Every structure is written in C-alpha cells, then in structure tokens.
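Engineer:
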Amino acid sequence: MPDGKKKVVFFYRWAHYSCLVVAGVYLLLRLIIKRFGNPRLQYMFSNIRKNSGRLDENREQDQIRTFMEYFKENIGTHGYFYEKYLLNHIYCFSISLLNFLFLNLVLQGEFTRLILEVFPFHRDPVNFRDPLSVIFPPFVNCTIGPSSKMLNKREDEIHCHLILMEMLEKVFVFAWIYMVSALIIGGICIIFLLCLPFHKNFLLKTKESSSLFKKLNRVLARNLNFGDVFLLFMVKSHLTANEFCKILIEILKYLHYDPIAKEK
C-alpha cells in the first residue's frame with residue numbers, strides 16, 4: 001500500500017465462496033420453516049390467500065368456512081404460532097448480523113463502514129486513491145505496448161482493475177445495502193412483535209369504526225388467548241373488513257356469545 005502497510009487481497013481469492021456461504025445460510029431458514037411448520041395452518045393460509053383474488057359471490061362464504069373449520073378444531077393451541085413467528089424473525093436478524101460480520105472479516109474490517117466511506121462514489125481512475133479503490137485495490141499489472149496501438153505505440157505498465165474486480169465491488173456494495181436494510185427492518189419487526197402481547201385490542205382493529213365492531217374486539221380480546229388473537233391478526237390482511245367482522249361474529253357464536261343479541 002502507498003502508506004507502507006501490507007494488505008492481503010484475501011477477498012479476491014475467496015469472494016465467490018463467501019457469497020455461496022452467505023446464500024446457503026439464508027436458504028437454511030426456508031428449509032427450517034418447511035421442516036418444522038404446521039401443515040394444517042399452512043394449508044388454511046394457502047386456501048385463504050388463493051381465494052382472496054376471487055370475485056364471485058361465493059368467495060366470502062368460502063373464506064369464512066375455510067377459517068372457521070380450522071379454528072374450531074384448533075382454538076386455544078396457537079401460542080406456539082406467535083413464538084415461532086417471533087423466533088423466525090430473531091433467527092433472520094441473527095443470520096443477517098452473522099453474515100454481515102463474516103463479510104467484514106472477508107474484507108478485513110472494511111465492510112462495516114463500506115458505504116459510509118465510499119459515498120457519493122467519486123472514483124479516481126488515475127491514481128486509485130478513492131475510498132472504494134483503497135478497499136478493493138488493483139493488483140493487476142497491465143502492459144500497454146505497440147500492439148495495442150495506443151499511447152503513440154510506446155510501452156507503459158500500469159495498475160488496472162479487471163472486469164471481475166469491478167463486479168466484486170458492486171456485489172459487496174449491494175450486499176452492504178441489503179444487509180443493513182434487513183438488520184434495520186428486522187430489528188423494528190422484533191420490537192413490534194415483542195410489544196404485541198400488551199396490546200391485544202390493537203391486533204383486531206380495522207377501518208370499521210362501528211360500536212358493534214369495537215365491542216367484538218373487546219370481547220374477543222378477553223376471551224381468546226394471545227395466540228388465537230395473533231392468528232386473527234395474521235389472517236386479517238387477506239380478508240375484507242366485512243369478512244373479518246363476520247369471522248369475529250362466528251367465533252363469538254362458537255363461544256356461545258351472541259353479539260347481535262347483546263347489542264340489542
């Protein structure tokens with residue numbers, strides 16, 4: 001290096017293997033979910049998502065029937081669903097953090113501040129003194145001679161970047177942006193999920209503002225455990241407000257509570 005320090009170009013030799021390791025670890029999460037998931041719960045979600053795009057008149061009845069058939073057989077057993085969902089987010093966050101630290105090791109401590117140092121990406125193609133070229137230094141000697149028909153046919157030897165080296169720069173820049181974004185979003189999601197058990201009424205809220213619907217929320221929040229309420233929260237995004245309200249009424253009837261009669 002110009003300052004006399006020795007820099008081993010470790011990442012150029014092992015970068016492709018590093019990318020395979022990172023991709024394999026991310027793939028591991030999908031395999032774990034498929035291996036330890038609840039088939040009945042996954043089947044119910046699959047049917048509701050599949051029917052959500054339908055426009056025929058039987059769509060609403062099919063959505064309600066699909067959910068209630070599952071819910072009646074499994075009411076009170078969904079505590080694990082929230083726990084697994086939270087653990088999956090923690091696992092994803094941990095994987096992203098470990099991969100971030102691994103790539104930082106590959107780049108010899110330069111990955112953590114990669115974008116912070118190279119932004120706004122001004123390049124120095126003559127002396128390679130820009131931050132990105134310092135992190136990814138050129139190590140190839142290119143000889144331009146008479147056969148190149150350049151430089152007035154004189155022979156010059158210069159340092160240069162190969163196309164692969166240029167590509168690796170972009171790969172690591174993209175990886176930094178992706179991983180930092182994943183860490184920020186994952187951290188926010190984990191904090192959000194940790195706060196949900198203390199706000200059960202919030203999970204059942206929709207745009208419907210009628211007094212009956214608000215009463216349904218309060219009654220269900222009192223009578224259902226948090227796992228069941230969290231399941232309703234996850235299903236809500238695949239249903240219309242009217243379908244969701246009717247599902248809540250069906251659940252209350254199953255619990256021998258008639259909200260219409262009580263309201264009257």
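By full-length UniProt numbering, the letter at position 227 of the sequence shown is numbered 227, and the numbering carries on one by one without gaps. All C-beta atoms in this analysis are idealised placements derived from N, C-alpha and C, irrespective of residue type, glycine included. Values in this document were obtained by computation on a predicted structure and should not be read as measured data.
Pick out whichever of Leu132, Thr112, Glu110 has its Cα sitting closest to the Cα of Pro120.
Structural biologist: Here residue 120 refers to the residue found at position 120 when the sequence shown is read from its first residue. The residue with the shortest Cα to Cα distance from Pro120 is Leu132.
Engineer: Going by the CB atoms, is the gap between Leu203 and Phe244 shorter than 9 angstroms?
Structural biologist: For the purposes of this step, residue 244 is taken as residue 244 along the sequence shown, with counting starting at 1. For the purposes of this step, residue 203 is taken as residue 203 along the sequence shown, with counting starting at 1. Taking 9 angstroms as the Cβ cut-off, Phe244 and Leu203 do not qualify as a contacting pair.
Engineer: Taking 9 angstroms as the cut-off, decide whether the C-beta atoms of Arg40 and Asn74 are in contact.
Structural biologist: By 1-based counting over the sequence shown, the position of residue 40 is 40. By 1-based counting over the sequence shown, the position of residue 74 is 74. Taking 9 angstroms as the Cβ cut-off, Arg40 and Asn74 qualify as a contacting pair.
Engineer: How about Leu98 and Val171: are their beta carbons less than 9 angstroms apart?
Structural biologist: What you label residue 98 is simply residue 98 of the sequence shown in a count that begins at 1. What you label residue 171 is simply residue 171 of the sequence shown in a count that begins at 1. No. Outside cutoff.
Engineer: What are the boundary residues of the alpha helix (DSSP H) that includes Asn58?
Structural biologist: The count along the sequence shown starts at 1 and reaches residue 58 at position 58. No alpha helix (DSSP H) contains Asn58, which DSSP labels as neither H nor E.
Engineer: Measuring only the C-alpha atoms, how far is Trp176 from Ile32?
Structural biologist: The residue you call residue 176 lines up with position 176 of the sequence shown. The residue you call residue 32 lines up with position 32 of the sequence shown. Roughly 25 angstroms separates the two Cα atoms.
Engineer: When you measure from the CB of Arg222 to every non-hydrogen atom of the ligand SAM, does any distance come out below 8 angstroms?
Structural biologist: This structure lacks the ligand SAM; in fact it carries no ligand of any kind.
Engineer: In this structure, how does DSSP classify Lys253 when only helix, strand and coil are distinguished?
Structural biologist: Along the sequence shown, one-based indexing puts residue 253 at 253. In the structure shown, Lys253 sits in a helix (DSSP, three-state: H, G or I).
Engineer: Skipping 5 residues on each side, what residues in its chain have a beta carbon closer than 7 angstroms to that of Ser52?
Structural biologist: Taking the first residue of the sequence shown as position 1, residue 52 is located at position 52. His238.
Engineer: Does the Cβ-Cβ distance between Leu252 and Asn223 come in under 9 angstroms?
Structural biologist: For the purposes of this step, residue 252 is taken as residue 252 along the sequence shown, with counting starting at 1. For the purposes of this step, residue 223 is taken as residue 223 along the sequence shown, with counting starting at 1. It is a contact, given that the beta carbons lie within the stated cut-off.
Engineer: Alpha carbon to alpha carbon, what distance is there between Glu169 and Glu117?
Structural biologist: For the purposes of this step, residue 117 is taken as residue 117 along the sequence shown, with counting starting at 1. For the purposes of this step, residue 169 is taken as residue 169 along the sequence shown, with counting starting at 1. Rounded to whole angstroms, Glu117 to Glu169 spans 14 angstroms at the Cα level.
Engineer: By Cβ distance, which residues of its chain are closer than 8 angstroms to Thr77, with the 5 residues on each side in sequence left out?
Structural biologist: Position 77 of the sequence shown, counted from the first residue, corresponds to residue 77. Gly227.
Engineer: Pull up the distance between the alpha-carbon of Ile256 and that of Lys200, whole angstroms please.
Structural biologist: Taking the first residue of the sequence shown as 1, we reach residue 256 at position 256. Taking the first residue of the sequence shown as 1, we reach residue 200 at position 200. It should be noted that the sequence gives His, not Ile, for residue 256. Straight-line Cα distance between these residues: approximately 21 angstroms.
Engineer: In three-state DSSP terms, what is Glu110?
Structural biologist: To locate residue 110, count along the sequence shown from 1; it is residue 110. Coil at Glu110, not helix or strand.
Engineer: Quick check: the Cα distance between Thr66 and Ala182, rounded to an integer number of angstroms?
Structural biologist: Translated into the one-based positions of the sequence shown, residue 66 becomes position 66. Translated into the one-based positions of the sequence shown, residue 182 becomes position 182. About 34 angstroms.
Engineer: Could you spell out where the alpha helix (DSSP H) holding Phe233 opens and where it closes?
Structural biologist: Counting from 1 along the sequence shown, the entry for residue 233 is found at position 233. Per DSSP, Phe233 belongs to the alpha helix (DSSP H) from 226-236.
Engineer: Does DSSP put Phe213 in a helix, in a strand, or in coil?
Structural biologist: To locate residue 213, count along the sequence shown from 1; it is residue 213. Here Phe213 sits in helix by DSSP.
Engineer: Inspect the beta-carbon positions of Leu193 and Tyr91 and report whether they are closer than 9 angstroms.
Structural biologist: As a position in the sequence shown, residue 193 is number 193, starting the count at 1. As a position in the sequence shown, residue 91 is number 91, starting the count at 1. Going by C-beta atoms, Leu193 is not nearer than 9 angstroms to Tyr91.
Engineer: Among the residues of its own chain, which have a CB less than 8 angstroms from the CB of Leu220, if the five just before and after it don't count?
Structural biologist: Counting from 1 along the sequence shown, the entry for residue 220 is found at position 220. Excluding residues within five positions, the ones whose Cβ falls inside 8 angstroms are Leu204, Val229, Leu232, Leu248, Ile251, Leu252.
Engineer: Taking the beta carbon of Tyr70 as the centre, do at least 16 other beta carbons fall within 10 Å, making it buried, or is it exposed?
Structural biologist: On the sequence shown, position 70 is the one that residue 70 refers to. When all chains shown are included, Tyr70 counts as buried.
Engineer: Quick test of your reading: Lys72 and Tyr254, contact by CB under 8 angstroms. State the CB separation rounded to the nearest angstrom.
Structural biologist: In the sequence shown, the residue the question calls residue 72 occupies position 72. In the sequence shown, the residue the question calls residue 254 occupies position 254. Lys72 to Tyr254, Cβ: 6 angstroms. Contact.
Engineer: Go ahead and label Glu166 buried or exposed: buried means 16 or more other beta carbons lie within 10 angstroms of its beta carbon, across all protein chains shown.
Structural biologist: Here the question's residue 166 lines up with position 166 in the sequence shown. Exposed, since its Cβ has fewer than 16 Cβ neighbours within 10 Å.
Engineer: Could you check the C-alpha separation between Phe45 and Asp130 for me, to the nearest Å?
Structural biologist: Against the sequence shown, residue 45 aligns to sequence position 45. Against the sequence shown, residue 130 aligns to sequence position 130. Their Cα atoms are separated by approximately 51 angstroms.
Engineer: Would you check if the distance between the CB atom of Phe111 and the CB atom of Asn104 is smaller than 9 angstroms?
Structural biologist: Here residue 111 refers to the residue found at position 111 of the sequence shown. Here residue 104 refers to the residue found at position 104 of the sequence shown. Taking 9 angstroms as the Cβ cut-off, Phe111 and Asn104 qualify as a contacting pair.
Engineer: Please classify Tyr17 as buried or exposed, where buried requires at least 16 other C-beta atoms within 10 Å of its C-beta.
Structural biologist: Start at 1 with the first residue of the sequence shown, and residue 17 comes out as number 17. Flag for Tyr17 reads exposed.
Engineer: Among Met179, Leu114, Phe213, Ser211, which residue has its Cα nearest to the Cα of Phe100?
Structural biologist: Within the sequence shown, the letter at position 100 stands for residue 100. If we check each option's Cα against that of Phe100, Met179 comes out closest.
Engineer: Under 9 angstroms, do Thr240 and Glu60 count as touching if we go by C-beta distance?
Structural biologist: Numbered from 1 along the sequence shown, position 240 holds the residue referred to as residue 240. Numbered from 1 along the sequence shown, position 60 holds the residue referred to as residue 60. Their beta carbons are under 9 angstroms apart, which means Thr240 touches Glu60 by this criterion.
Engineer: Can you tell me whether DSSP reads Ile32 as helix, strand or coil?
Structural biologist: The residue labelled residue 32 in the question sits at position 32 within the sequence shown. If DSSP states are grouped into helix, strand and coil, Ile32 belongs with the helices.
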